[in-house]
Each structure stands twice: as C-alpha cells, then as structure tokens.
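Participant: Next up is a structure, given as structure tokens.
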Amino acid sequence: MTGRGAAWRLLTTMLLAGVVGPMGLPAQSRDIRGVVRDSANHEALPNAFVNLVGAGRRTLTDEFGRFSFVRVGPGPQTLRVEYIGHRSQEVALPDGPLEALTILLVPEAIEIEGLTVQTSRAIVEPARQISTVGISPRQLNALPSVGEPDVFRALQLMPGVSGTNDATSGLYIRGGTPDENLVLLDGMTVYHVDHFFGFFSAFNADAIKDIRLMKGGYPAKYGGRTSSVVEMVGKTGSNDSYNLSAGVNLLSARAVTEVPLGGKGSWLLSLRRSYTDVIRTGLYDRIFSAVGGQEESTLAGSGPGGGFRGRGNFASQTLVPDFYFYDLNSKLTYAPTQEDVVAVSLYSGKDNLDQSSAGQTLFAPDGRELVTSDRIDKSNWGNAGASGRWSRRWGSRFTSDVLAAYSRYYSEGNRSNAAGGLGQGFLEDNRVEEARFRLDNQWQPARGHDISFGWETTHSEVGYAFQQLRGDSVGGSLDLGSDGLLTSLYAEDQWSPAGWLDLTVGVRNTWYDQTGGTYLEPRLAADLQVSDRWFLKAAWGRYHQFVKRVENENIQQGSRDFWVLAGDNLPLAYAEHRIAGITYEDDVVLLDAEAYDKVLDGVSQFSTRARSRPDQELTEFFLSGTGRARGIEFLAQKKRGRLTGWVSYTLSRVDYDLVGFNNDESFPASQDQRHELKVVGVYQLGRWTFGSTWVFGSGKPYTVPEAQYTLTTLDGRELSLIHVGEKNGDRLPAYHRLDVSATRRFESRRLFYELDLSIFNLYGRSNIWYRQFDLSQSPMLVTDVTTLGFTPSIGLRVGLR
5 MTGRGAAWRL LTTMLLAGVV GPMGLPAQSR DIRGVVRDSA NHEALPNAFV
55 NLVGAGRRTL TDEFGRFSFV RVGPGPQTLR VEYIGHRSQE VALPDGPLEA
105 LTILLVPEAI EIEGLTVQTS RAIVEPARQI STVGISPRQL NALPSVGEPD
155 VFRALQLMPG VSGTNDATSG LYIRGGTPDE NLVLLDGMTV YHVDHFFGFF
205 SAFNADAIKD IRLMKGGYPA KYGGRTSSVV EMVGKTGSND SYNLSAGVNL
255 LSARAVTEVP LGGKGSWLLS LRRSYTDVIR TGLYDRIFSA VGGQEESTLA
305 GSGPGGGFRG RGNFASQTLV PDFYFYDLNS KLTYAPTQED VVAVSLYSGK
355 DNLDQSSAGQ TLFAPDGREL VTSDRIDKSN WGNAGASGRW SRRWGSRFTS
405 DVLAAYSRYY SEGNRSNAAG GLGQGFLEDN RVEEARFRLD NQWQPARGHD
455 ISFGWETTHS EVGYAFQQLR GDSVGGSLDL GSDGLLTSLY AEDQWSPAGW
505 LDLTVGVRNT WYDQTGGTYL EPRLAADLQV SDRWFLKAAW GRYHQFVKRV
555 ENENIQQGSR DFWVLAGDNL PLAYAEHRIA GITYEDDVVL LDAEAYDKVL
605 DGVSQFSTRA RSRPDQELTE FFLSGTGRAR GIEFLAQKKR GRLTGWVSYT
655 LSRVDYDLVG FNNDESFPAS QDQRHELKVV GVYQLGRWTF GSTWVFGSGK
705 PYTVPEAQYT LTTLDGRELS LIHVGEKNGD RLPAYHRLDV SATRRFESRR
755 LFYELDLSIF NLYGRSNIWY RQFDLSQSPM LVTDVTTLGF TPSIGLRVGL
805 R
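Printed below as a string of structure tokens:
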C-alpha cells in the first residue's frame, strides 16, 4: 500500500510538473503573445510566420492574426515576423513581463518619384510545412489573366497542380480530381469552384485575404477529402476607415465596400456580376465559342439549309445564348473584447445559361420541310453558404473556436426537343446540402508542445436525378438520394523537441452512419533543419472521403460529373499519402523538391459501355476499384527584386484499376499527365509591372470509340450503343501556351487607379480540350474541340486610398 501511495505521489508530481507547472510557473519564464496586423488598415494577417530568433521556436498566426510562445526564457528576445506581400519586421522585446503585442507589418512597396508602385515580391510562397503553399490575392494583378485576377488560376501555376485545364478552374492536384479537394471559405464548404463553364473560379479576389493550399499530408484537423485542402480566409476590411473600390473588364463588373464598426470590427460587402446577358463583347464571344460550344457550327452543313451528319438536314440557325454569372461575399467581424472575435460570413454564386431556340426545322434530303420543333437547352448551377464563428483566447496558452456553417450546391440541366424523333436529350438535377458544427481548441501546455483537439459533426444530403430522353420517351433514368451523418474527433501535437526538429503527430476518428463504420486516420509529419538554409521534410497519413463526384463517361461528347453520397452501393474513397522532400531557402532564392506516392481505393466511375442487355438499370453501371498516383515535383523560385518568379516541373503518373472494366486491366486516369513545365516571371519597370506565364503539358489520355450498333428492347424501342476501345488508350497532342500582361497603378491624394492589360495564349496555340466522334459517318468523323486562342483583355479598377 505504501509502495502504491509513493508511486501515485510520484505520478502526480510528474503531471503537475509537466502540465500545471507550465500553466503558471516558473518565475524565470514568461509567455509572449500578440496579434499581427496590416499597418495600412489594421486588418489581421492570418498565417503570418513568427520566429523567436535564436530560440529555434516558430509559429503561424491563426485566422485572426494571433500568436503565442509559452515559457520563454529570461532576457531580451527578438521576434521576426514575415507575411506575403509585406516587409519583414524584427521586434526587440525587453526582459520582464509583457502585455499583448500588436505588430504592424507594412505592405511591401517601392518609391519612385514620389509615387508608390506595386511591389516586386513573391506572389505565392511555399511554406515551411510540407506540401503547403501560401498566396496573397492582393498581388495577383501582376499575373496575366482573362478579365481579372483569379485565385485558383494562380494556384494552377504551382508544381503538382495541373495548369493545362482551360475549361475548368478546379484543381487537379497530385493525380486527384477537383472533388477530392476540401475547399473552405471562412469555414463553409464550397463544392463547385467554377464560373463560365470553368473559365473563371467562383471566388472574387477582392473578397479574399489569404489562401493556403495543402497539396497532401495535411493535419488531422481536416477530413472528408482524399487529395488536398484549400483554405481561404475572407477579407474583413478596415477597422479604421471607410473604403470603396470598383472594377470593370470586358466580361463583368465588381465593387467592394468596407465599413468600420467603431474601431472594433468591420463589415465588408463584395459583389461581382457579368453583364453578358445585356452586352456581349468580343471576349465573351471568344470564350463562349471555346468552352460553351457554338450551336451554329454543330448544326450547319452542306445540304439545303445545313446538314447534320447523315440523319437528315437541319436549317442553319444562329443561336444567341442568354448567359450571366454573379457572386456575392459579405463578412462581418467584431471584437467585443481583446480576447473575443465574432465573425459572420455569407457567400452566394450562380451561373445561368439558356441556349434554347424556337422553330428548328428538319428537312428531307430533297429539301422538303418535314417538321418544326422548339429546342430547350438550359443549365444553371451555383453555391450558397453561411458561417458563424466565435473565437475566444482564454489566455496565452488556450484558445477555443466554435463554428456553425451551412453550404448548398445545385446543378440543373434540361436539353430536349418539343417534338419527338429529333435525337437525344436529358433532364438532370444534382444537389448537395451540408450543415456542419465544429469545436476547435488549441493548447500550449509546455514549451515545444502545441496541441490541437476538437470535435466535428456534419450532416450531408445529396440527390441526383437523371432522365435520358429518346425522342418523346424516356430511354433510361437514375434517381439517387440519401443523407448521411459524420461525427469526428481529432487530436494533434506539434512537438518541437529541439530547435532543429519539428514533429507533428495526430489522429482523426470518424463515425459514418451510412455504413455504421468507424474510420481511423493517423497522420505524421516531420521537419528537420539540417542547417540555416537546408531542410528535410516528410509526411504520411490516411484519408477517407464520403461525398464523391463520379465521372459519367461520355465517349462522343465529353464526360459529365455528378455528386453522390458513398454508402452500401458506392464505396468510400480512401487514400494513403507518403511524401518526402528537401528545401533550400535564403532571402532571395528557394529551391524545393518533393516526391509523393498515393495509394487509392474506392475509385468510382459511371459508364454504360458495359451494357449487356437493353433492359439493364442505370444503377448497374457504377464501377469501383483501386488506383495509384506517383510523382516528383521541382520548384526554383526567385522571391525578391525587380524580377521575381519561378520555374516548376512535375513528373507524375495516375493509374486506375476498376473491377469488371477495361478487360480488368489498369488504365491511365483521365487526369493523368506525365510531364508539366511552368515558367512564371514578374518584372517591375518604373510605374509598370510586366508579367508572363508559359505552361507546357504532355498530352492527356482519351478513349476512342470503335463502332456503333443498335439493341431492340422488348417493347420495340431501339437503343443506340457504342463499342469502345481500350480505356484512355490514346493521348491528345501536347498542350502549351504563353500569356503576358502589363499593369500600371496610378495614385492621387484620394483615389487609386489600376489598369490591367493581358493577352491570353499570345501565339494562338490551338490546344485540344477533347475530341467528339460521329460514328454515323464512314469513316468515323472526329472533331477536335479546342480551347481559347489568342485573346486580349483589359480591366480597370478604381478605389479610395
């Protein structure tokens, strides 16, 4: 009994020394805490790098710009603070107790003849954490763009992220597809990131303050996706002064207003809308022809009034599509006390397209008019979301953050004819709704330990309805709808046992009601500082995905995708990440290399090519299997000076193996691309900023159909089916393009003006998006659908200083 009592006293003493002691002891040590803000408007700066010089201790500020170091030794100390687009600053700290610090970072700029000109500094910066990239939206106007700066297009210029997808601003990261990325805006999930058929992202750069892309090996705090995390923090606006800015380009107009709230917060409202439903510019016509499709080119032919590939003749008809998009961001941030912050964010975005036509006339080969019908062709899609947060710093060592968020995605399509017998059509409706509540805590119990732990519950409801129309009848239908509940717990310790070594050990555990299963996801990461400039890094982790977007294979006209909820009939997606890398960095140059290996399971696809009988239900055409993505990435970056930029190269391979598909042989995934090279340069010359980007990518795979045949159903209907060759057995030609831009900023005492000139695809390369096949012709007619050619654009932005 005595021995047990002694052991218990010893254990209690150790716990008190290791936990309680650090909370308020000893007298020789102290805690340092503070907040990092922009000196121009006092806006908090998230993910700023704070280094306790000489102590080998470093941290990142949270979303509200806060940081802390616990149990700092006696004597004077120096803090070094860095943030993208701002001058680095060193702060000398005297010995003794300190109040909470406020560190103001000055936006980086150069002075020329009394004028403030935009900085020549890195636009994107790889962070110390493995596979992590930070980006400053405020500097994106230095890069070429079509219309206006685009945050996701900038991310596509980084290694490991495909930059050859003109028809989508979604991110294909390390062999993953856009649905495998967890995209968060102020804590709310965004399911669809495209405007204008994918040519623009759905996020207005004027409303975004900070972006972090985690390409793999991300922490236990994040779950529900198998590829990457894109975390965006909305701009909060100035706490001190009212600001207003507006911009216009050849496609859209936008405006942002910032309203201070008594020095304790601010309200920001941003609105962007295209005017393409009122005024159609040459830029709009070019983009719509490239990524929206031109109906006239499809219908026009050689017969009386135009021909349609051997099925009779159609009158040539010019369609004038009705199209517009908009997005709205609103964020209110208020700090009732020095320790509390409350934030409410709203987001809404929509695209609407109507290509319907009236009086489409069908002719016989001899020119006789047969029938006239109305053609319906409407599509609309969009996102909406809201989030509310309360963050409380209970002291220098403990912080809590409560989030409630709701998001909704919808996509509707209707393509049909009012009269029967004029070909195929479809009705499609896809919706995803998500309600999420989470509690995050951060605790620093002792020097060298930064512990995060929390709880999250998410309710998802997904519905997909599809009807295939054949003439005036329904050729097939698919109706999927379900809801699921996820409950997750996570814990993680960022441990620095020495100034040259950082270890992150974490675990996430999720229960999913659709399967009744529990899914354990351990995560590990290490960062080893070999010298002042050389670093080694590695990460490993397991990830599951419960809401999936499935590829609907369409050989003739390009594939379509739709969201579904994994469950009994569709397996969960799974990935295991293995990553290793090395980095060299000084004040001017950064060299980085990372290799990755991702083992995949639950890969899914929807394809009717396996149809064996006419009466098969569409639900039988879901295919699943395994996959593997491997690659190596190189980056060489010049971060400072009048000339900045980077060169990146990615070598990768993505293979899928689906059960009962492609003769049970593995095949390259549709997003597989072996080689990709990107060169980005920004040069400051007086009042002008010149930018250029060159992208090269080897050809992506595609599938070639071999024959078309007809099956007759029991009720006498005929189904036209296609026999295809090896899945993704051929490859498109290589992709490459050069973009250039010139930007000039003018300033007066009260206003600023920014003029942006860009040329997309300077030398007019005809890059192939996909190929269409018409098997009614003999030999088969193949049409190359190309992306945007030589396209100039201009934009102007005006605002209060």
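Under the numbering used here, the residues of the sequence shown are numbered 5 to 805, in order. Cβ coordinates follow ideal geometry from the N, Cα and C atoms, glycine included. All values reported here derive from a predicted model rather than from experimental measurement.
(1) So who's on the other strand from residue 212, going by DSSP bridges?
(2) Under 8 Å: do the segment 481-496 and the segment 194-206 share three or more Cβ pairs, one atom per stretch?
(3) Give me the residue from 36, 68 and 77 with the minimum Cα distance to residue 104.
(4) Check the C-beta distance from residue 76 over to residue 132 and give it rounded, since I have them as a contact under 8 Å.
(5) Just the C-alpha distance for residue 177 and residue 497, rounded to the nearest angstrom, thanks.
(6) Answer with buried or exposed for residue 447, where buried requires no fewer than 16 other C-beta atoms within 10 angstroms of its C-beta.
(7) Going by alpha carbons, who is nearest to residue 765 out of 775, 740, 782 and 751?
(8) Residues in the same chain with beta-carbon distance under 6 Å from residue 431, minus the five sequence neighbours each way, listed in chain order, please.
(9) Counting only the same chain and skipping the five closest in sequence on each side, list residues whose C-beta sits under 6 Å from that of residue 527.
(10) Assuming residue 269 contacts residue 338 (C-beta within less than 8 Å), just tell me the rounded distance between them.
(11) At the level of alpha carbons, what is the spacing between residue 805 and residue 206?
(12) Relative to the alpha-carbon of residue 637, which residue among 660, 631, 678 and 672 has its alpha-carbon at the smallest distance?
(13) How many Å lie between residue 538 and residue 583 at the Cα?
(14) Within its chain, find whatever has a CB closer than 7 Å to the CB of residue 67; leave out the 5 residues flanking it on each side and keep chain order.
(15) Quick one: grab the DSSP three-state call for residue 518.
(16) Within the same chain, show all residues whose beta-carbon is closer than 6 Å to that of residue 400, passing over the 5 residues directly before and after it, in chain order.
(17) Indicate whether residue 170 and residue 792 have their beta-carbon atoms separated by less than 7 Å.
(18) Taking the alpha carbon of residue 289 as the reference point, which residue from 328, 273 and 673 has its own alpha carbon closest?
(19) For residue 787, count the other beta carbons within 10 Å of its own beta carbon; 16 or more makes it buried, fewer makes it exposed. Which is it?
(20) Any idea which residues DSSP pairs residue 544 with across the strands?
(21) Helix, strand or coil for residue 110, going by three-state DSSP, please let me know.
(22) Tell me, please, whether the segment 570-581 touches the segment 597-605 by the rule of three or more beta-carbon pairs shorter than 8 Å.
(23) Leaving out the 5 sequence neighbours to the left and right, which residues in its chain are closer than 6 Å to residue 414 when beta-carbon positions are compared?
(24) Going by DSSP, name the residue or residues bridged to residue 597.
(25) Could you give the DSSP three-state label for residue 180: helix, strand or coil?
(26) Considering only the beta carbon of each residue, do residue 665 and residue 627 sit closer than 7 Å?
(27) With a Cβ-Cβ cutoff of 7 Å, do residue 162 and residue 197 count as a contact?
(28) In the DSSP assignment, what are the bridge partners of residue 222?
(29) Using only CA atoms, which one of 640, 46 and 601 lies nearest to residue 264?
(30) Decide if residue 280 is buried, meaning its Cβ has at least 16 other Cβ atoms within 10 Å, or exposed.
(31) The alpha helix (DSSP H) that contains residue 287, what's its start and end?
(32) Determine contact between the segment 768-782 and the segment 747-755, defined as no fewer than three beta-carbon pairs at a distance below 8 Å.
(33) Please return the same chain residues whose Cβ sits closer than 6 Å to the Cβ of residue 271, not counting the five positions on each side in sequence.
(34) Am I right that residue 231 and residue 180 are in contact with their C-beta atoms under 8 Å? What's the rounded C-beta distance?
(35) For the beta strand (DSSP E) holding residue 71, just list the boundary residues, first then last.
(36) Near residue 87, what residues of its chain come up, given a Cβ to Cβ distance below 6 Å and the 5 sequence neighbours on each side ignored?
Facilitator: Straight from the coordinates:
(1) For the purposes of this step, residue 212 is identified with residue 208 of the sequence shown, where counting begins at 1. The secondary-structure analysis by DSSP pairs residue 212 across a beta bridge with 238.
(2) In short, these stretches do not touch, since the Cβ pair count stays below three.
(3) In the sequence shown, the residue the question calls residue 104 occupies position 100. Ranked by Cα distance from residue 104, the options 36, 68 and 77 are led by 36.
(4) Mapped onto the sequence shown, residue 76 falls at position 72. Mapped onto the sequence shown, residue 132 falls at position 128. In this structure, residue 76 and residue 132 do not form a Cβ contact; the two beta carbons are roughly 20 Å apart against a cut-off of 8 Å.
(5) Looking up residue 177 in the sequence shown gives position 173. Looking up residue 497 in the sequence shown gives position 493. In a straight line, the C-alpha of residue 177 is about 27 Å away from that of residue 497.
(6) For the purposes of this step, residue 447 is taken as the residue at position 443 of the sequence shown. The Cβ neighbour count for residue 447, taken over all protein chains shown within 10 Å, is at least 16; the residue is labelled buried.
(7) On the sequence shown, residue 765 is found 761 positions in, with the first residue counted as 1. With distances taken between CA atoms, residue 765 lies nearest to 740 out of 775, 740, 782 and 751.
(8) Translated into the one-based positions of the sequence shown, residue 431 becomes position 427. In its chain, beyond the 5 residues on either side, 418 and 471 have a beta carbon closer than 6 Å to the beta carbon of residue 431.
(9) Translated into the one-based positions of the sequence shown, residue 527 becomes position 523. For residue 527, where only same-chain residues beyond five positions count, the Cβ hits under 6 Å are 224, 510 and 545.
(10) On the sequence shown, position 265 is the one that residue 269 refers to. On the sequence shown, position 334 is the one that residue 338 refers to. Indeed they touch by this definition, with Cβ atoms about 4 Å apart.
(11) In the sequence shown, the residue the question calls residue 805 occupies position 801. In the sequence shown, the residue the question calls residue 206 occupies position 202. One C-alpha to the other measures close to 27 Å.
(12) Along the sequence shown, read from residue 1 onward, the residue named residue 637 stands at position 633. Ranked by Cα distance from residue 637, the first of 660, 631, 678 and 672 is 678.
(13) For the purposes of this step, residue 538 is identified with residue 534 of the sequence shown, where counting begins at 1. For the purposes of this step, residue 583 is identified with residue 579 of the sequence shown, where counting begins at 1. Going by the C-alpha atoms only, they are around 17 Å apart.
(14) Counted from its first residue, the sequence shown places residue 67 at position 63. These residues qualify, in order along the chain: 50 and 237.
(15) For this step, residue 518 is matched to residue 514 along the sequence shown. Under the three-state reduction of DSSP output, residue 518 falls in the coil class, being neither helix nor strand.
(16) Locating residue 400 in the sequence shown gives position 396, where the first residue counts as 1. Non-local beta-carbon contacts of residue 400 in its own chain, meaning distances under 6 Å to residues more than five positions away in sequence, involve 35, 37 and 72 in chain order.
(17) Position 166 of the sequence shown, counted from the start, is the residue given in the question as residue 170. Position 788 of the sequence shown, counted from the start, is the residue given in the question as residue 792. The answer is yes: Cβ separation under 7 Å.
(18) Numbered from 1 along the sequence shown, position 285 holds the residue referred to as residue 289. Checked all of 328, 273 and 673; the closest Cα to residue 289 is 328.
(19) Within the sequence shown, the letter at position 783 stands for residue 787. Residue 787 comes out exposed.
(20) As a first step, residue 544 must be located in the sequence shown, where it is residue number 540. Partner(s): 528 and 582.
(21) If you number the sequence shown from 1, residue 110 lands on position 106. It is coil, neither helix nor strand.
(22) Cβ pair count under 8 Å is three or more, so yes.
(23) Working through the sequence shown from its first residue, we reach residue 414 at position 410. 435.
(24) Working through the sequence shown from its first residue, we reach residue 597 at position 593. According to DSSP, which records beta bridges pairwise, residue 597 is partnered with 586 and 638.
(25) Translated into positions along the sequence shown, residue 180 becomes position 176. It is coil, neither helix nor strand.
(26) For this step, residue 665 is matched to residue 661 along the sequence shown. For this step, residue 627 is matched to residue 623 along the sequence shown. Yes, these two residues count as a Cβ contact at 7 Å.
(27) Taking the first residue of the sequence shown as position 1, residue 162 is located at position 158. Taking the first residue of the sequence shown as position 1, residue 197 is located at position 193. No, the pair does not count as a contact, with Cβ atoms beyond the cut-off.
(28) As a working note, residue 222 is residue 218 in the sequence shown. BP columns for residue 222 are empty, so no partner.
(29) Counted from its first residue, the sequence shown places residue 264 at position 260. If we check each option's Cα against that of residue 264, 46 comes out closest.
(30) Here residue 280 is taken as the residue at index 276 of the sequence shown, counted from 1. Residue 280 should be labelled buried.
(31) Within the sequence shown, the letter at position 283 stands for residue 287. Residues 286-291.
(32) No contact exists between the segment 768-782 and the segment 747-755.
(33) Position 267 of the sequence shown, counted from the first residue, corresponds to residue 271. Residues 263 and 336 of the same chain have their beta carbon placed closer than 6 Å to that of residue 271, with the five preceding and five following residues left out of the count.
(34) As a working mapping, residue 231 is identified with position 227 in the sequence shown. As a working mapping, residue 180 is identified with position 176 in the sequence shown. Yes, residue 231 and residue 180 are in contact; Cβ-Cβ is about 3 Å, under 8 Å.
(35) Looking up residue 71 in the sequence shown gives position 67. Segment 70-76, the beta strand (DSSP E) holding residue 71.
(36) Residue 87 sits at position 83 when you count from the first residue of the sequence shown. Only 49, 52 and 109 meet the Cβ criterion.
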